[in-house]
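Enquirer: Order-wise, the sequence lines are chains A and B. Counting with our numbering, you get residues 14 to 129 for the letters of the first sequence. Counting with our numbering, you get residues 7 to 117 for the letters of the second sequence. Glycine is no exception: its CB is placed at the ideal position from the N, C-alpha and C atoms. Everything numeric in this text was worked out from a predicted model, so none of it was measured. There's a structure below that I have some questions on.
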Amino acid sequence: DAGVTQSPTHLIKTRGQQVTLRCSPISGHKSVSWYQQVLGQGPQFIFQYYEKEERGRGNFPDRFSARQFPNYSSELNVNALLLGDSALYLCASSSNRGLGKNTEAFFGQGTRLTVV
Amino acid sequence: GNSVTQMEGPVTLSEEAFLTINCTYTATGYPSLFWYVQYPGEGLQLLLKATKADDKGSNKGFEATYRKETTSFHLEKGSVQVSDSAVYFCALYSTGNQFYFGTGTSLTVIP
């Protein structure tokens, strides 16, 4: 079975532009979460979507938005890009809204966004 | 609030040396604790986890024990290999259905 797939793998954008990142969760998984990993740091939580509704939001400005589609894939949008948005954006999928003893989150390989 | 503090890197060890990466946490509620590994150019892979106090997670020779009294989840391996070279992240999962990650510890194992 395919794991979590993200596209594109790499992206270069100019300051002020807008970007859309895509994530396809593992088949059967209904929860998708997005994380931002700045170089040299640990990932920071941006959003969680479960059953197509936003279930959690991290401390990110309104320039960041996301949505989840009926097939549970998800898009992360970032408007008015800043140099500081340069990071690896990770998507994680899981079968349930929360993680329990027998529920695991699986991460994709990420999208490397460079803002110049 | 929730936070994770892990040992600063980078760590360089010779093959077959003993590895310890320290991790302590602050949490509200009853968190689950995780170690993730990130190889160059890749995403995060779950290495091991523990969901309650005194649980020991283990995988591929790595071990970590959930110590509530010291709020710690230190990662250990008795004999590292070159293939263990990667960045290791300690994380907790608690209220809000989100992970809180440490800053990562880079490990390089030399032959």
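Give me the subset of the segment 49–65 of chain A whose CB atoms are less than 7 Å from a CB atom of chain B, sorted by chain position.
Expert: 54, 55, 56, 58, 61
Enquirer: Looking at the unbroken beta strand (DSSP E) that takes in residue 51/B, where does it start and where does it end?
Expert: 50–56
Enquirer: From the beta carbon of residue 120/A, is the nearest beta carbon of chain B less than 7 Å away?
Expert: yes
Enquirer: In terms of alpha-carbon separation, which member of 108/A, 117/A, 109/A, 126/A lies closest to residue 99/A?
Expert: 126/A
Enquirer: Can you list, in chain order, the residues of its chain with a C-beta nearer than 8 Å to that of residue 16/B? Leave out the 5 residues immediately preceding and following it.
Expert: 111, 112, 113, 114
Enquirer: Could you give the first and the last residue of the continuous beta strand (DSSP E) run that contains residue 62/B?
Expert: 62–65
Enquirer: Spell out the partners DSSP gives residue 98/B in its beta bridges.
Expert: Paired residue(s): 39/B, 106/B.
Enquirer: List the residues that DSSP assigns as beta-bridge partners of residue 58/A.
Expert: In the DSSP secondary-structure assignment, residue 58/A is bridged to 48/A.
Enquirer: Decide if residue 45/B is buried, meaning its Cβ has at least 16 other Cβ atoms within 10 Å, or exposed.
Expert: exposed
Enquirer: In whole angstroms, what separates the C-alpha of residue 124/A from that of residue 102/A?
Expert: 5 Å
Enquirer: Between residue 32/A and the rest of its own chain, which residues show a CB-CB distance below 6 Å, the 5 nearest in sequence each way excluded?
Expert: Answer for residue 32/A: 26, 91, listed in chain order.
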